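Contents: one structure, followed by commentary.
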Amino acid sequence: MKYYAGQVVTLLNTEYKPAGSAVICNYEHHSNKYEVDFIYPDKQQADKISVPEERLRLPTEFNP
53 MKYYAGQVVT LLNTEYKPAG SAVICNYEHH SNKYEVDFIY PDKQQADKIS
103 VPEERLRLPT EFNP
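Basically the working numbering = 1-based index in the sequence shown + 52.
Below, the structure is given as structure tokens:
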């Protein structure tokens, strides 16, 4: 487990480009994915989504 609950990360889309910021909620051991709160551009409330670790980066790690 690389990230911890409450940590702000950059979420990458399926093409591994930045989609926006997300907040780590927890790590799902059974699926090896992280549950994150992510606010889609057309919404005001965060959705909980599950994403694999390779689609998460620390904000300082991503250099376009």
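Built from N, CA and C at the ideal position, the CB exists for glycine as well. Model, not experiment: these values are computed from the prediction.
When the options are compared against residue i, the one with the closest alpha-carbon
{"i": "H81", "options": "T112, L110 and P104", "result": "P104"}
Residue i versus residue j: straight-line alpha-carbon distance, rounded
{"i": "A71", "j": "S83", "result": "22 angstroms"}
{"i": "N78", "j": "E67", "result": "23 angstroms"}
{"i": "D94", "j": "E113", "result": "26 angstroms"}
{"i": "E106", "j": "S73", "result": "15 angstroms"}
{"i": "L110", "j": "N65", "result": "14 angstroms"}
Cβ neighbours of residue i in the same chain (closer than 7 angstroms, five flanking residues each side left out)
{"i": "I76", "result": "Y55, Y56, A57, G58, Q59, V61, Y86 and V88"}
{"i": "I101", "result": "V88 and F90"}
Residue i, buried or exposed, once every other Cβ within 10 Å from all chains shown has been counted against 16
{"i": "L108", "result": "buried"}
Close beta carbons around residue i, own chain, < 8 angstroms, minus the five adjacent residues each side
{"i": "Q97", "result": "I91"}
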